[in-house]
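Remarks on the structure that follows.
There are 2 protein chains.
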Amino acid sequence: MQNQTRIVIENVLPQLDGGIYPIKRIVNQIVVVTADVFSDGHDVIECCVKFKHQDDKKWQEVRMVPKVNDEWEATFKVEKQGCYTYFVEGWVDYALNWQHGTERKIQDNQYVKSELLEGAEYVSAIKDLANASEKEYLETVANYFVNESDYDKAIQEALSPKLHKIFKKYPILFLENKSLELEVYVDREKALFSTWYEFFPRSASQEEGKHGTFKDCEKLLPRVARMGFDTLYFPPIHPIGEVNRKGKNNATNAEYGDVGSPWGIGSQYGGHKSIHPELGTIDDFKSLVKTAKKLGIEVAMDYALQAAPDHPYVKDFPQWFKWRPDGTVQYAENPPKKYQDIQPIYFESSDWKNLWQELLDVALYWIEECDIKIFRVDNPHTKPFFFWGWLISEIKKKHPDVLFLAEAFTRPKIMNELAKQGFSQSYTYFTWRNTKSELIEYVTELTQSEQKEFYRPNFWPNTPDINPLALQNGNESIHLQKYFLAATLSSSVGIYGPVFEYQISAPMAPGKEEYLDSEKYEFVKWDWKKQNKITTLITRINSIRKIQISLQQTNNIVFCETNNDQVLAYYKFDDENKNKTFMVVSLNAFHTIQATVKIPNELLIELPLKITDLITDNKYIWNKEFNFVELSPDLPFHLFNIE
Amino acid sequence: MQNQTRIVIENVLPQLDGGIYPIKRIVNQIVVVTADVFSDGHDVIECCVKFKHQDDKKWQEVRMVPKVNDEWEATFKVEKQGCYTYFVEGWVDYALNWQHGTERKIQDNQYVKSELLEGAEYVSAIKDLANASEKEYLETVANYFVNESDYDKAIQEALSPKLHKIFKKYPILFLENKSLELEVYVDREKALFSTWYEFFPRSASQEEGKHGTFKDCEKLLPRVARMGFDTLYFPPIHPIGEVNRKGKNNATNAEYGDVGSPWGIGSQYGGHKSIHPELGTIDDFKSLVKTAKKLGIEVAMDYALQAAPDHPYVKDFPQWFKWRPDGTVQYAENPPKKYQDIQPIYFESSDWKNLWQELLDVALYWIEECDIKIFRVDNPHTKPFFFWGWLISEIKKKHPDVLFLAEAFTRPKIMNELAKQGFSQSYTYFTWRNTKSELIEYVTELTQSEQKEFYRPNFWPNTPDINPLALQNGNESIHLQKYFLAATLSSSVGIYGPVFEYQISAPMAPGKEEYLDSEKYEFVKWDWKKQNKITTLITRINSIRKIQISLQQTNNIVFCETNNDQVLAYYKFDDENKNKTFMVVSLNAFHTIQATVKIPNELLIELPLKITDLITDNKYIWNKEFNFVELSPDLPFHLFNIE
């Protein structure tokens with residue numbers, strides 16, 4: 001292919017899979033773009049990043065600056081929700097090149113009359129772009145350049161920073177080149193900074209033996225708000241299948257009165273657009289959502305694409321399920337295991353376009369009818385990736401505020417792919433990262449690898465599906481430690497509420513990570529008034545997160561050396577370096593331990609550091625590179641603000 | 001975008017810059033393709049690499065095998081010159097998935113009648129693709145599957161490896177997905193394995209004070225062949241400019257009788273398609289090329305795109321040069337330096353298409369008229385990259401045998417870009433890599449990074465432009481060492497002949513890497529009959545390279561531990577592991593030194609090793625992991641063949 005440009009632009013970063021997928025940001029975050037830009041020969045080149053919001057007509061521009069080895073860099077800020085496009089443009093800057101070469105010749109005492117004539121041409125070329133005062137200056141300069149009698153003044157102006165600045169301001173693009181266009185999708189702030197609380201609405205009643213309702217839930221909202229949570233996530237609230245319903249502790253057959261698993265969706269009372277009658281009415285739910293909103297809480301719904309055998313879809317749209325040669329329907333299975341209370345959606349169906357549309361309509365229903373803006377998606381990794389890409393982008397077109405949390409605890413590349421397809425947040429392996437080295441390795445991967453551009457972690461110490469070994473029979477200290485780690489390592493954090501607060505952790509069987517008497521199959525009466533050290537410190541940590549903006553993001557983190565394998569220390573800062581926090585955590589839940597903590601290099605120049613432990617309000621001055629800490633199981637962490 | 005496939009294919013490697021540039025191979029090399037391939041859920045998936053030569057109509061296929069973490073791999077061989085396309089295709093294999101699930105259920109003692117009916121459908125679907133005996137078998141199996149009375153036989157066949165093999169052989173593609181198509185350009189063997197000798201034809205005369213001719217050169221061919229060189233490269237052989245001609249030692253003004261620089265091309269006697277009259281005629285040159293060919297030597301021409309002031313182009317095509325506002329032509333310059341014997345081509349010219357065509361015609365002239373198949377391109381990094389991409393691909397379309405060596409000693413990304421644009425071989429920084437760690441680091445970069453896919457290094461210990469500090473005043477041993485390193489680390493190697501053999505290394509000025517009395521500006525009378533230890537060992541090394549195929553490639557190299565910073569050891573092997581060589585080199589040109597060398601892990605299982613030093617024919621048996629070596633400046637290396 002013939003192309004006369006002399007500029008090569010390669011390796012434009014950030015870039016995912018050749019630009020197929022957008023990177024992600026939230027409003028007012030920055031994008032640091034780097035690229036290899038070079039030309040043949042030794043001429044002066046210039047390059048810039050051009051970027052534009054989807055609703056804008058004009059490109060904005062920011063000039064790149066050279067780093068080492070032909071790599072250039074520029075930074076821009078994304079100020080609006082939605083999709084931005086960006087690309088790199090480069091050109092040989094003949095005017096600047098002329099100035100650079102002429103300067104060297106003048107310094108070498110060469111006679112540059114011919115060069116000045118050439119310079120006059122560059123000056124004239126931009127005269128009409130310049131403002132009035134610049135134009136006047138350029139006309140003067142051009143006159144000097146062409147009049148031999150003004151030679152001395154001419155060579156003075158040829159070298160002037162003023163002329164350089166004007167050349168730089170009005171580049172003459174000639175044979176420029178541009179990179180491919182890349183995209184960054186910008187979400188609202190909550191995509192990055194969120195504090196989740198999960199409970200089962202049917203356990204919301206304060207009366208023993210009574211099925212909870214939305215009205216009961218509404219009464220619990222002030223408590224959730226007081227504890228500093230901004231997102232309240234409920235397991236599915238749709239009618240629960242009655243056919244093949246599961247009994248307590250996942251028994252294959254329910255007994256009379258068993259309430260079943262809320263993930264077995266659909267019954268005579270309706271499907272994914274209906275409310276489970278025992279929870280209340282759609283109006284009760286709307287009222288709950290509205291009250292929550294007033295308290296600063298968003299209700300997150302579960303989006304679980306599967307059907308109980310008595311889901312209306314099975315009769316109305318049999319083509320959306322797989323039928324076996326013997327005429328029976330295909331239950332969910334993971335051979336040799338069978339799950340007869342659940343029928344998977346048959347995404348290979350030839351009627352897939354209608355199926356996709358209906359599934360989209362389900363989400364739109366809750367968004368448009370009940371003002372739902374957050375979905376926690378159940379098992380997204382068992383549905384086609386491109387379905388998610390389509391669904392999420394369709395929803396975002398109309399409702400850019402809507403966020404999706406991917407509930408997938410599976411292989412790393414599959415979890416990454418879901419994030420690339422558009423999930424706003426993702427569950428993580430944090431739940432199983434216990435030692436210092438495991439935690440450092442994992443967080444480093446999330447924040448330093450390509451993942452940082454598209455994978456927004458949400459750290460959950462537990463979920464109804466995971467009663468982690470580390471918490472089983474765990475004491476108060478380990479619960480404090482886990483919540484603190486989750487809430488300060490990651491800007492998004494969540495807990496499966498009462499179970500965590502009250503340290504309930506008996507497993508269904510030794511070595512299994514399932515809860516005994518799990519709320520997945522029965523409802524429970526909790527003492528919703530109870531307060532303890534765990535609830536108190538969760539409240540404290542959550543309130544600190546609201547003020548310390550360095551904790552409202554995940555990627556700006558530096559792990560710090562400590563001389564104790566059970567003491568983890570890390571430093572966080574915001575994009576503009578206005579807020580700095582420094583965390584020290586003991587991973588020993590049983591003994592008081594000491595360590596020497598090294599200040600990160602970034603902070604050494606700021607010694608002595610005035611620091612305040614935001615948990616205790618104790619103030620310290622650290623004036624050395626290495627500092628002593630002692631942490632007891634009673635309060636196994638420091639959360640320092642650095643002045 | 002709606003797309004029903006469940007398969008994701010990402011990160012297909014090798015892949016350069018999103019597939020814009022082809023990777024490179026020579027005939028009969030292998031391409032190892034890896035990709036991340038996965039589906040939602042837990043179904044069995046399959047994937048393959050499909051590949052096709054540009055002249056073929058049918059795709060060939062090789063099935064991929066899973067490695068760790070959803071990465072798959074397959075290998076194919078490129079057997080013909082030209083361009084191959086390859087891509088990855090993946091699908092959920094429903095038949096294999098059925099077999100996998102059914103097997104688990106049978107092992108769990110479940111009754112699988114319904115599964116067998118489903119299996120019968122998979123069997124029927126491929127019946128017509130199978131050969132006669134397979135078809136008979138499939139019909140039997142299908143009957144078992146549908147007849148309840150054959151249940152025992154049915155479950156036996158359902159699990160059979162035979163059925164598995166047939167399912168695997170005839171996949172039913174449904175909702176498959178494919179990656180983007182990538183390219184590999186396949187050259188003839190010489191692109192990878194070549195041994196270059198450079199001399200100035202005007203120094204070929206055996207008579208003192210006489211300008212050498214092609215006829216003189218022809219007489220030297222047997223010597224070049226005897227020494228084992230297969231590529232003879234001449235600096236430009238075109239008429240040398242008479243205007244502003246350079247004098248001896250790069251003097252600005254030539255004196256009477258000065259022959260000028262052959263890179264100052266063009267005079268009253270013609271330009272790039274002409275022969276410098278003092279060298280002889282076009283027929284002399286053709287005869288030389290023909291005689292060389294008979295001796296197994298290819299003549300490589302210099303392709304230097306620049307003009308002396310009296311080049312015919314300047315008058316005939318003034319638009320191909322840059323004219324200054326004062327009406328004078330733009331000389332080459334690197335301000336404040338000026339090179340008035342040279343005018344650069346003005347690639348920004350609006351007449352660029354005709355210019356490019358003419359430059360292409362120049363190359364085609366020598367290819368088609370004189371059977372030239374190799375060009376050493378002078379300063380390619382001062383001409384536009386996309387020009388080279390176009391020129392090389394245009395030439396390769398008609399003449400796939402033609403090879404290009406990029407003479408660029410410049411910034412790394414620029415050298416890489418030239419290779420990506422199609423240069424078959426490239427000069428390297430080897431010339432300045434002296435210490436053990438420098439050599440290991442550089443060769444590791446060339447052979448382990450992405451560069452291995454497109455950058456074919458040619459190691460030159462010296463060139464007429466570079467009299468490296470390491471060789472200045474260097475003794476015989478350092479010359480032996482440098483040639484040995486170049487010829488065994490890299491499969492392509494070259495020397496600027498007589499100067500190297502006769503250890504001539506006086507610099508033009510202390511600290512400068514220019515030769516004093518450089519042949520670039522004058523001709524020299526060499527004693528072409530002289531033989532010494534350097535010529536003898538070059539001959540020996542070159543003859544070994546012709547037999548040991550592990551030395552005919554560069555990438556398969558493993559550096560081995562030694563306990564001496566001045567002893568470098570490395571192991572090389574061919575793609576099929578048929579030939580293995582092991583090199584040990586002393587980097588000390590003055591003292592005898594010892595070291596313990598560690599056998600690479602790959603060879604430990606083969607202990608004891610029977611090894612033969614191919615330089616001395618000494619035989620050894622190494623039966624330990626660590627082995628003693630002693631090397632003296634007299635013979636500073638071992639070149640072992642491993643039996």
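Chains A and B are the protein sequences, given in the same order.
Each residue of the first sequence is one higher than the last, beginning at 1 in my numbering.
Each residue of the second sequence is one higher than the last, beginning at 1 in my numbering.
From the three backbone atoms N, C-alpha and C, an ideal C-beta is built for every residue, glycine too.
Applying a beta-carbon distance threshold of less than 7 Å, which residues of chain B neighbour residue i?
i, result
"A:Phe38", "Lys413 and Ile414"
"A:His42", "Asn334"
"A:Asn147", "Ordered by position in chain B, no residue passes the 7 Å Cβ test against A:Asn147, which lies about 14 Å from the chain."
For residue i, which option in the options has the closest C-alpha, if you only look at C-alpha atoms?
i, options, result
"A:Pro318", "A:Gly296, A:Gln343, A:Phe375 and A:Tyr303", "A:Gln343"
"A:Lys77", "A:Lys52, A:Asp70 and A:Arg540", "A:Lys52"
"A:Ser205", "A:Lys529, A:Ala406, A:Arg540 and A:Lys598", "A:Lys529"
"B:Cys83", "B:Val27, B:Gly119 and B:Glu121", "B:Val27"
"A:Asn379", "A:Gln306, A:Lys398 and A:Phe386", "A:Gln306"
"B:Val289", "B:Pro384, B:Gly257 and B:Cys370", "B:Cys370"
"B:Leu96", "B:Arg411, B:Thr75, B:Glu121 and B:Trp72", "B:Glu121"
"B:Ala154", "B:Ile106, B:Val184, B:Lys190 and B:Phe200", "B:Ile106"
"A:Val146", "A:Ala132, A:Phe167 and A:Ser124", "A:Ser124"
"B:Phe430", "B:Tyr483, B:Pro633, B:Asp108 and B:Arg25", "B:Tyr483"
"B:Ile547", "B:Lys533, B:Asp574, B:Pro235 and B:Lys67", "B:Asp574"
"A:Thr5", "B:Lys353, B:Tyr170 and B:Val141", "B:Lys353"
"B:Ile440", "B:Tyr571, B:Ile478, B:Tyr502 and B:Asp351", "B:Tyr571"
"B:Glu71", "B:Gln81, B:Val32 and B:Asn109", "B:Val32"
Alpha carbon to alpha carbon, what distance is there between residue j and residue i?
i, j, result
"B:Phe640", "B:Gln552", "15 Å"
"B:Asn618", "B:Val499", "31 Å"
"B:Asn525", "B:Leu220", "Residue identity differs from the one stated: residue 525 of chain B is Lys in this sequence, not Asn. Distance between the alpha carbons of B:Lys525 and B:Leu220 is about 13 Å."
"B:Thr447", "B:Ala419", "14 Å"
"A:Pro161", "A:Val8", "28 Å"
"B:Val68", "B:Phe234", "51 Å"
"B:Ser424", "A:Ala130", "48 Å"
Cβ closer than 9 Å: which chain A residues qualify as neighbours of residue i?
i, result
"B:Thr382", "Asp40, Gly41 and His42"
"B:Gly422", "Under the 9 Å cutoff, chain A gives no residues; its nearest Cβ is about 12 Å from B:Gly422."
"B:Glu90", "The residue you asked about is not Glu; residue 90 of chain B is Gly in the sequence shown. Under the 9 Å cutoff, chain A gives no residues; its nearest Cβ is about 13 Å from B:Gly90."
Whose Cβ in chain A lies nearer than 7 Å to the Cβ of residue i?
i, result
"B:Val8", "Phe385 and Glu417"
"B:Asp654", "No answer is possible for residue 654 of chain B: it lies beyond the span of chain B, which begins at 1 and ends at 643."
"B:Glu278", "Ordered by position in chain A, no residue passes the 7 Å Cβ test against B:Glu278, which lies about 32 Å from the chain."
List, in chain order, every chain A residue whose beta-carbon is nearer than 8 Å to that of residue i.
i, result
"B:Thr328", "Ser114"
"B:Asp17", "Glu10 and Asn11"
Starting from residue i, find everything on chain B with Cβ-Cβ shorter than 8 Å and list it in chain order.
i, result
"A:Gln110", "Pro336"
"A:Thr5", "Pro384 and Phe386"
"A:Glu73", "By Cβ distance, chain B contributes nothing, its closest Cβ being about 15 Å from A:Glu73, past 8 Å."
Check whether chain D comes within 7 Å of residue i, counting only Cβ atoms and requiring the distance to be less than that.
i, result
"A:Gln268", "Absent from the structure: chain D. Protein chains present are A and B."
**Prompt:** Counting Cβ pairs, one atom from each stretch, are 3 or more of them under 8 Å apart for the stretch 85-92 of chain B and the stretch 177-185 of chain B?
**Reply:** Below 8 Å, enough C-beta pairs join the stretch 85-92 of chain B and the stretch 177-185 of chain B to call them touching: three or more.
(Q) Using a Cβ distance threshold of 8 Å, determine whether the stretch 58-66 of chain B contacts the stretch 41-48 of chain B, with at least three qualifying pairs required. (A) Segments in contact, yes.
Kindly confirm or deny that the stretch 3-23 of chain B and the stretch 615-634 of chain A touch, where touching means at least three C-beta pairs closer than 8 Å.
At 8 Å Cβ cutoff, the stretches do not touch.
* **Residue ranges of each alpha helix (DSSP H) within the stretch 261-319 of chain B, 4 or longer** => Secondary structure remark: continuous alpha helix (DSSP H) runs of at least 4 residues inside the stretch 261-319 of chain B, in chain order: 282-294 and 312-316.
Quick check for students: name the residue ranges of the beta strand (DSSP E) that lie wholly in the stretch 61-129 of chain A, counting only runs of 3 or more. For the stretch 61-129 of chain A, whole beta strand (DSSP E) runs of length 3 or above, ordered along the chain, are 71-77 and 82-92.
Taking the runs of the alpha helix (DSSP H) that are 4 residues or longer, which of them lie wholly in the stretch 355-410 of chain B?
-> DSSP runs (the alpha helix (DSSP H)) wholly in the stretch 355-410 of chain B: 385-398.
Whether or not the stretch 334-354 of chain B and the stretch 234-252 of chain B are in contact is what I'm after, with contact meaning three or more pairs of Cβ atoms, one per stretch, closer than 8 Å; do they touch? Contact annotation: the stretch 234-252 of chain B touches the stretch 334-354 of chain B, with at least three C-beta pairs closer than 8 Å.
Enumerate, from N- to C-terminal direction, the unbroken beta strand (DSSP E) stretches of 3 or more residues contained entirely within the stretch 120-196 of chain A. Taking only runs of at least 3 residues, the beta strand (DSSP E) segments lying wholly in the stretch 120-196 of chain A are 182-187.
> Whole alpha helix (DSSP H) runs in the stretch 553-604 of chain B with 4 or more residues, listed along the chain?
Replying inline: If we require 4 residues or more, the alpha helix (DSSP H) runs fully inside the stretch 553-604 of chain B come out as 601-604.
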